[in-house]
Structures are given as structure tokens and as C-alpha cells.
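Okay, structure first, notes after.
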Amino acid sequence: MFIGKGVSKGIGIGYAKILKNDEIKLTNFKVDDKENELKYFRKCLNDVVKDTQNVVEKLSGTEADIMNAYLMILQDPTLTTETERLIQEEGYNAGYATKIGFETVEEVFKNMDDEYMSARASDIEDMKKRVINKIANKSELDLSNLPENTILIGTDISTSDTAKLNLNSIAGIIIENGSENSHVSIMARTHEIPAIVGAKNILKEIKDDMYIALNGETGEIYVNPSNEQIKNLTNIKKELETEKEELVKYKDKETITKDGYKTEVFANIGTPKDMDKVLENGAEGIGLFRSEFLYMDSDSMPTEEEQFNAYKEVLEKAGDRQVIIRTLDIGGDKDLKYLNLEKEDNPFLGYRAIRICLREPEIFKIQLRALLRASAYGKLSIMLPMISSITEIRDAKKIIEEVKQELKDRKEKFDENIKVGIMIEIPAAAIMAEDLAKECDFFSIGTNDLIQYTVAVERGNEKISDLYTKFHPAVIRLIKMAIDGAHKSNKFCGMCGEAAADERFIPLLIGLGLDEFSMNPTKMLNARKMIRNLNREDCKKITEEIMQMETAQEIKQRLTDYKNSIN
Ligand code: PEP
Ligand code: MG
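Numbering (the numbering used here), first residue to last: 64 to 630.
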């Protein structure tokens, strides 16, 4: 058995197909007719762009987004600056110039601090191979026609190869390199295809058509598995299928504990396209629309009209459900190239989110106008991110009132009583919760940031990730302060950080009196099932015990044991 990193849960059993990425042998020579060589390079590049556009047209949802990002890089003139210079000024042949030119860009991406951007280096490598293939007239592999039950194995599977796959025939994916963030992993999770990355040297052991089984959760890979191993894996597969089928029945059920404590399961979304999954999984509302994704998906600031249309689409699809849209939360780990934000030593403590909006009200006002206009089409609430003081709420509300007045003058329709809430994701806000609650209509606790600011551990830092924990007593005390603070003013308090979906944490949140749990749509039914199995009174008792505990380890153990006693 081999072990890699499981990145998409599920059991895959089938026959290996190796994705060969054999390099074309390139010779390096100088040409006489530089202009002609440049023309030939541009034609080949253009052919690759056209092939990619044809693939994009057939896609939708996450795959379309991924391939559009790929296309954008492919069409960016800076990608080919060095290649064109090598042909035009130094007279190199197109193939060699492409290799050197694209590798220069690949290196730049590899060295980027941003994990997502550095993962794009493999896209550049893929583009390089495809352009070189065109130059050498070599045809590409047909991935749309693989046999049923294929376990696709490669050193890496590029974004463009991923987009070409006929997913119905793929029983599993194994790659030697890759990361949790690579597109193939994202795609595998979206389509529930079991997948493993980081399977070092696996290609030395596996040849085409070998019998393979894998567990996408544990990262286990079996080459020529025994009958016993297949029996065990088939049992796990059946359990997973039953679990999924069983969850469907919770789609239209109330989110209520056995003893009648009513709460709600909401969805976190990033784009209007996510609404299908939201409705499929029975959301009672949208607890967090991360509006910055609209900004990040675009190469210039989205206009008022573009934003208005996106918000309106979500509201119309949501019907009478509440939709909480968070205003621009850029900065920290989310960059916007066209805003030209200065590089900072501590971006998580820097110029970000509401801090930008209050200092650059012209940007904020465009979004507020779009939000207010969209509020005429459903139950929209505005949520302000990264609030650390009362002054920030007052300043933001002042700008909201100005925009309302503008719209009144323009005779535009909007909800005059639109609710304005805040994220509680900075310890200062949790400590001041009682006071902040008097200034706004609701809270939503963002544990992803609240944890990092409470324990001073950057949320993406793998080295000290053991210290980044929601079970830290300080984090739990701050959550309690936020919920109690909201309730004192009869305001509702939700949670949209990842902790809201954790089955071990849910009983504690019920005990503390959380009003709304917002999460990734694929996790909602499981959370609703969990809540329906709980008793509020028992949760309160566990919560009292937890509040007396001093260490994260003790708390985690107690909550894990409790969760296991429920299931
Ligand atoms: C959070 O911080 O918990 C949150 C939901 O916001 P984001 O993950 O977008 O920072
Ligand atoms: Mg946050």
C-alpha cells in the first residue's frame, strides 16, 4: 500500500490510465527570418487560445471559472514578452524561445508568496507544453474518451487537461505532485471524485491498466488489491453512500433540537452560481455572500450595474430567504491587483476590508448603491467585515445613509429599513459586543479570523497550525461574549466561520444559544441532522463544563467524546 494526501473523500476502484507528459526534444537554433518566426509563434499561441475557448464554452460553474482564469493568463501579453523578445531580438526559433520565455514566467509565479498564485505555476508549464506541441505539430491526448472506471494517474494534471476530462468515466485521481489548492483537487471535490495528491514515486509502481483502489479520505492507494482489501473498501463505499442518501431526507426539515430549540442552517457563497448547490441542500438562507469574489473574478473594478445584477440574481433565487451580503473584504490573504495595494509586512493587521472602504468611500459607495438597489428584490441585509470599534460602525452607517439619500433623490426603489450587521472576527469586537450590538442589527461570528487574532497564529501557516484552534478557551469565551452581547439587545447572532460546521463544536454553540449556522452548502444537511439529534438542555450542561476548562486539549477531547456519544 502507498500513502498520499487525501484531498477528495470517497472510494475509487478501477484501472489505471497514466497521463503521459513526455517532453518534446527541442533543439535550439537561430532563424534568418525573425518576423516570420514571430508570426508563426503568434499563430500557434492563438490556436491554443482558440482550443481553450472551445473547451470553456462547454463548461459551467467552478470549472468555467477555473478555465476562464487560465484563459486570462494565456491571453495576458506579459506571458509572452520574453518569448517574443527572444525571437525578435535574438533570433531564436519559436519552440526554444517558448520554452525559455514561459519558464521565466513560471519561475515568477513559483516564487509568489500567495499559495493560490504559486500553484498557478503549473498552469504556465501546461501552457508552455501546449504551445510547444502546436509548434511541433504534435497532437494532444484525448481525455474526453477514457474507458469507464478509469483511475487517472499522472505527475500532475493540468487545468486544461482537467477541463477536458469526461468525468463520468473517472473513478479516481492520483497525482504525484499537487496540493489541496490545485485545480484538480478543487474539481475532484466539487464532483465528488475520490482523489489523492502527493503520491510520491507512484508512477514507478503503476503501469497502464493495472488494477487500483484508493481511499480519498485517508490517502491510501492499493496496487492490485487483494479480495479482502476490496471487500473492506467496498464496505466503506457503501457506508458513505448510505450516509449521503440518508442526509437527503433533512433537506426540507426544520433545524430544531429534540427539545424544541429552533435555529437555522444558512449557506456561505462566493458567486451567484453557487445558488444551485444552496437550494439543492436545503439552505434556510444565505449567511455570508463573500462579495469580494465578484471583485477578484474581474480584472477591473466591477461596476455598480454588474454588482447590482449579481446581488439581484442571488436574491431572486433565494426567494423569501434572508440573504446577508458582506461588503468588500479585500486585503490580508485576498489581493486585488487593480487596487494596487501597497505590500505590507503584516497584511492581516493592515489595510483591509472596512478600513479600505471607510478611507476610500468612492469605492464603498458604488457597492452600497448596488446593494441598496438590489434590496428591492428580496430580503437583503448588509454585513460589515473586520469591525474593531463603534466608530467604524457609525462611520459606515453614515455613508450608508448618504447613499440612501442619493437613491431617494434619484427616485430609485430600495428597502429603507435594510438591516446592517457586523462580523465579529476581531477580539476587540467580541469584547465590546454588548456596546456594538446597540449600534447594529445583527452579528455573525467569523471564527476563521477570530481564532488567528486571538491566539496570534496566521490562519494559513502550516508550521504552527496545531496552535490555530477553535477549542482554545479564549476563543470560546469570546464567542460567548459575542452571543450574550447580541442577545442583551435582542439582536440575533450567527456564525459564518468554518467552526459552525464542525460536529464537535455544534453542541457547544447550541448550548451558548447561537441563532444561525452558516457554512459551505455541502455541509449543511449534516449540520441539520446533528442539531436535530441534540437536546438543548444537555448542550447547556456540556457548555457549563466546557466554560470551566482551561486547556484546548481538554475541551477538544470532551466535545469529541460528546459528539461520538450522539452519533
Ligand atoms: C471568517 O473570518 O471566519 C470569515 C467567515 O471570513 P473569511 O473567511 O472570508 O475571512
Ligand atoms: Mg474573515
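Think of the CB as a built atom: it goes at the ideal place given N, C-alpha and C, for glycine as much as any other residue.
Kindly indicate the opening and closing residues of the beta strand (DSSP E) around L82. 74-82
Residue range of the alpha helix (DSSP H) that includes K551 = 536-551
### Residues of its chain near I150, where Cβ-Cβ distance is below 7 Å and the 5 sequence neighbours each way are ignored
K97, E100, L101, F104, A157, A160
| If you measure from the CB of M486, is any heavy atom of ligand 2 nearer than 8 Å? | yes
(request) Output the distance between the C-alpha atoms of R422 and A459, rounded to the nearest integer angstrom. (result) 10 Å
| So which of K312, G345, D504 has the shortest CA-CA distance to M587? | G345
* Residue nearest to K336 in terms of C-alpha spacing, selected from K294, E379, E469 -> E379
Notebook entry, point to check: Can you tell me the Cα-Cα spacing of D139 and E566, whole angstroms?
Noted result: 44 Å
| What first and last residue would you give for the alpha helix (DSSP H) that runs through C602? | 599-611
Taking the alpha carbon of K72 as the reference point, which residue from K314, S248, D396 has its own alpha carbon closest?
S248
Give the DSSP-derived three-state secondary structure of M486 in the structure shown.
-> strand
Start-to-end residues for the beta strand (DSSP E) that takes in T510:
It is not in any beta strand (DSSP E) - T510 instead sits in the alpha helix (DSSP H) that spans 510-518.
Selection from E376, N295, G333, K340 that minimises the alpha carbon distance to Y314
A quick correction: the sequence has Lys, not Tyr, at residue 314. When each option's Cα is compared against that of K314, the closest is K340.
Quiz prompt | D224 versus A132 - alpha carbon distance | solution = 14 Å
Taking its Cβ as the centre, do 16 or more other Cβ atoms sit within 10 Å of K83, making it buried, or is it exposed? exposed
Assuming R591 and T146 are in contact, meaning their beta carbons sit under 8 Å apart, how far apart are those beta carbons, in whole angstroms? The Cβ separation is near 53 Å, so there is no contact.
Next on the checklist: Pull the bridge partners of E579 from the DSSP assignment, please.
Outcome noted: E327, G557
*Could you have a look at Y155 and say whether DSSP puts it in helix, strand or coil?*
strand
Pull up the DSSP beta-bridge partners for N278, would you. I74, E283
Checklist entry - If you drop the 5 nearest sequence neighbours on each side, which residues of the same chain put their C-beta closer than 8 Å to that of D177? => result D396, D398
Apart from the five residues on each side of it in sequence, which residues of its chain come closer than 8 Å, Cβ to Cβ, to S528?
V520
Handout entry: Any non-hydrogen atom of ligand 1 within 8 Å of E521 CB
Key = no
Can you list, in chain order, the residues of its chain whose CB lies under 7 Å from that of T213, leaving out five sequence neighbours each side?
G77, Y78, K80, S232, I233, A234
**Message:** Closer than 8 Å to a non-hydrogen atom of ligand 2 - does that hold for the CB of N511?
**Reply:** yes
For ligand 2, any of its heavy atoms closer than 8 Å to the Cβ of P448?
yes
Original post:
Hey, E497 and R432: beta-carbon distance below 9 Å or not?
Top reply: no
message: For ligand 2, I want to know if G333 counts as a neighbour, meaning its beta carbon is within less than 8 Å of at least one of the ligand's heavy atoms.
response: no
Could you please give the first and the last residue of the uninterrupted alpha helix (DSSP H) stretch that includes L228?
Per DSSP, L228 belongs to no alpha helix (DSSP H) and is neither H nor E.
Less than 8 Å separating the Cβ of E561 from some heavy atom of ligand 1? yes
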